[in-house]
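K.L.:
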Amino acid sequence: MTTRSETQSTLDHLLTEIEHRNPAQPEFHQAAHEVLETLAPVIAARPEYAEPGLVERLVEPERQVIFRVPWQDDQGRVRVNRGFRVEFNSALGPYKGGLRFHPSVNLGVIKFLGFEQIFKNALTGLGIGGGKGGSDFDPHGRSDAEVMRFCQSFMTELYRHIGEHTDVPAGDIGVGGREIGYLFGQYRRITNRWEAGVLTGKGQGWGGSLIRPEATGYGNVLFAAAMLRERGEDLEGQTAVVSGSGNVAIYTIEKLTALGANAVTCSDSSGYVVDEKGIDLDLLKQIKEVERGRVDAYAERRGASARFVPGGSVWDVPADLALPSATQNELDENAATALIRNGVKAVSEGANMPTTPEAVHLLQQAGVAFGPGKAANAGGVAVSALEMAQNHARTAWSAERVEEELAAIMTSIHTTCHETAERYDAPGDYVTGANIAGFERVADAMLAQGVI
9 MTTRSETQST
19 LDHLLTEIEH
29 RNPAQPEFHQ
39 AAHEVLETLA
49 PVIAARPEYA
59 EPGLVERLVE
69 PERQVIFRVP
79 WQDDQGRVRV
89 NRGFRVEFNS
99 ALGPYKGGLR
109 FHPSVNLGVI
119 KFLGFEQIFK
129 NALTGLGIGG
139 GKGGSDFDPH
149 GRSDAEVMRF
159 CQSFMTELYR
169 HIGEHTDVPA
179 GDIGVGGREI
189 GYLFGQYRRI
199 TNRWEAGVLT
209 GKGQGWGGSL
219 IRPEATGYGN
229 VLFAAAMLRE
239 RGEDLEGQTA
249 VVSGSGNVAI
259 YTIEKLTALG
269 ANAVTCSDSS
279 GYVVDEKGID
289 LDLLKQIKEV
299 ERGRVDAYAE
309 RRGASARFVP
319 GGSVWDVPAD
329 LALPSATQNE
339 LDENAATALI
349 RNGVKAVSEG
359 ANMPTTPEAV
369 HLLQQAGVAF
379 GPGKAANAGG
389 VAVSALEMAQ
399 NHARTAWSAE
409 RVEEELAAIM
419 TSIHTTCHET
429 AERYDAPGDY
439 VTGANIAGFE
449 RVADAMLAQG
459 VI
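If you're matching positions, the sequence shown starts at 9 in this note's numbering and goes up one per residue.
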């Protein structure tokens, strides 16, 4: 039998090869390192996983699609963006993962997101594989007509690569209900069929699921609550800092408030707000979802309890819980040090890979409960899969049913991660538990289906 040290040496060699074969993709390298550095125990314990080529296939996407997206702005000028879809692994089901429209999007970012999605989707226990897509298009400041023309051009190429039994995109940063609507309309127009299950995050009147907009934020809070329960505590009376002010952050704050915690922050690229009375959700939704404004307007209109801090770090605000809900690598080593100094008990990732490896290490060393995004923010894709199920049956579930299903899935994910970590001598290490549990499910399916 191969020892752990021998297995780790093999994985280290593979990581070097990944960096060589995928140059200038630091986010993908980081995601691959985060997973592969935890797999030595399970590969050493189960010889079938050491089969030549298994892990090598896991880190290589099944398909990578890059395409041109030409569109006209309101002045008649032709603009050109780049579109991506990385279909990473379909061993468990059709590729499933969101579309991100943001200037930072490139192939490395999409591959990092797609790789994470493999394990996240596996942890839900639902029949969905991993994929991700998007464009370097920035919808911020664009008119509805410009966003529509871009989405129509984007779907004119993407449609040939997706389908309810093949690849099912959803929303992500920059892709909300408006964008999903335009994308779905163009898909129908081109294909001449009503295939509701091809996209998730749709409007409730035309195939969408109740609780889908809330699911990622709600699920993250439920995972954080489960980590606290494992330590003999609950959310009631805890103070929480939340980064971001988009969909994930808003519904994270909403669920924290509903469960008795006090969420005191939100942020965007301009800075952050601290509201000692707790974030006023109605005001935040008005500013961010209706007016598409900045968080400094929240502080101006909220009154004496709130202050806006331009720039700076939201993680300097003392709190019991931290829920990073904005973007990758937003919580670094300095931020982790500040959180630990201020007595944080748990960090739960609402965004994808928002915590740097150095920060994760510091938090774990300090005994802080740390929920990695592939487990903690899996609620969004879980309810997307439930939306697919409703579409397939041509029915719509009640909000109560969807929320019950979401709670059951998040509880199951927590239990799976916790028990897997203990089984591999890493009690309380949710990163190791999530990576190994997701890997086992995907690897078993890959082995059963042959070398494909």
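No residue lacks a Cβ here, since even glycine has one placed at the ideal position from N, Cα and C.
What did DSSP end up calling V368 once you bin it into helix, strand or coil?
P.N.:
helix
K.L.:
For P326, collect the residues of the same chain with a Cβ closer than 6 Å to its Cβ; drop the 5 residues on either side in sequence, then sort them by chain order.
P.N.:
N350
K.L.:
Thinking C-beta only, is F158 closer than 9 Å to W79?
P.N.:
yes
K.L.:
Can you find the residues in the same chain that come closer than 7 Å, C-beta to C-beta, to Y190, ignoring five residues on each side of it along the sequence?
P.N.:
V155, M156, C159 and Q160
K.L.:
Whose C-alpha, out of H369, P102 and G458, is nearest the C-alpha of P177?
P.N.:
P102
K.L.:
Please identify the residue among V389, A99, G319 and T363 whose C-alpha is closest to the C-alpha of G137.
P.N.:
Comparing alpha-carbon positions, the option among V389, A99, G319 and T363 lying closest to G137 turns out to be A99.
K.L.:
Taking Cβ to Cβ, would you say E366 is nearer than 9 Å to P380?
P.N.:
Between E366 and P380, the C-beta spacing is not below 9 Å.
K.L.:
Around the Cβ of I118, are there at least 16 other Cβ atoms within 10 angstroms (buried) or fewer (exposed)?
P.N.:
Its Cβ being crowded by 16 or more others within 10 Å, I118 is buried.
K.L.:
Could you tell me the alpha carbon to alpha carbon distance between L331 and I348, rounded to whole angstroms?
P.N.:
14 Å
K.L.:
Report the option in A305, T335 and D144 whose CA atom is closest to the CA atom of L292.
P.N.:
A305
K.L.:
Taking the alpha helix (DSSP H) that E341 falls in, what are its first and last residues?
P.N.:
E341 to R349
K.L.:
Compute the beta-carbon to beta-carbon distance between A397 and C425, rounded to the nearest angstrom, for a pair I have assumed lies under 8 Å.
P.N.:
Contact doesn't hold; Cβ gap of about 24 Å is too wide.
K.L.:
Can you tell me where the beta strand (DSSP E) holding N519 begins and where it ends?
P.N.:
Not covered by the structure: residue 519. The range shown for the chain is 9 to 460.
K.L.:
Assign G311 to one of two classes, buried (16 or more other C-beta atoms within 10 Å of its C-beta) or exposed (fewer than that).
P.N.:
exposed
K.L.:
How many Å lie between G279 and E64 at the Cα?
P.N.:
G279 and E64 have their alpha carbons spaced roughly 41 Å apart.
K.L.:
Mapping DSSP to helix, strand and coil, what is G150?
P.N.:
In the sequence under discussion, the amino acid at residue 150 is Arg, which differs from the Gly named in the question. Coil, per DSSP.
K.L.:
Check D452 in the structure and name its three-state DSSP category.
P.N.:
For D452, the secondary structure class from DSSP, reduced to helix, strand or coil, is helix.
K.L.:
Which same chain residues end up closer than 6 Å to H453 when comparing Cβ atoms and leaving out the 5 residues on each side of it in sequence?
P.N.:
Reading off the sequence shown, one finds Ala at residue 453, where the question assumed His. Closer than 6 Å at Cβ, skipping near neighbours: A99 and L100.
K.L.:
Need the endpoints of the alpha helix (DSSP H) that S420 sits in, please.
P.N.:
A407 to R431
K.L.:
Out of Q373, G216 and G388, which one is the CA nearest neighbour of A401?
P.N.:
Nearest neighbour of A401 by Cα position, chosen from Q373, G216 and G388, turns out to be G216.
K.L.:
What does the Cβ neighbour count give for S392, buried or exposed, with the cut at 16 atoms within 10 Å?
P.N.:
buried
K.L.:
How long is the line joining the alpha carbons of H21 and V389, rounded to whole angstroms?
P.N.:
Straight through space, the alpha carbons of V389 and H21 are spaced by roughly 32 Å.
K.L.:
Are the CB atoms of E299 and I258 within a distance shorter than 9 Å?
P.N.:
Between I258 and E299, the CB-CB gap reaches or exceeds 9 Å.
K.L.:
Could you tell me the boundaries of the beta strand (DSSP E) in which Y195 lies?
P.N.:
Taken as a continuous stretch (DSSP letters only), Y195 belongs to no beta strand (DSSP E), being part of the alpha helix (DSSP H) at G185 to T199.
K.L.:
Answer with buried or exposed for N546, where buried requires no fewer than 16 other C-beta atoms within 10 angstroms of its C-beta.
P.N.:
Outside the shown range of the chain, which is 9 to 460, sits residue 546, and nothing can be said about it.
K.L.:
Helix, strand or coil for Q16 per DSSP?
P.N.:
helix
K.L.:
Would you please state the rounded distance, in angstroms, between the beta carbons of M361 and A40? I believe it to be under 8 Å.
P.N.:
The pair is not a contact, with the Cβ atoms about 11 Å apart (cut-off 8 Å).
K.L.:
For I494, which three-state DSSP category applies?
P.N.:
Because the chain here runs from 9 to 460, residue 494 falls outside it and cannot be looked at.
K.L.:
Below 6 Å CB to CB, which residues in the same chain sit around F75 once its five sequence neighbours on both sides are set aside?
P.N.:
By the criterion of a C-beta distance shorter than 6 Å, F75 is surrounded in its chain by G91 and E165, once the five residues flanking it on both sides are discounted.
K.L.:
So N97 and S143 are in contact, right, with Cβ under 8 Å, and what is the actual spacing, rounded?
P.N.:
That pair is no contact at about 22 Å.
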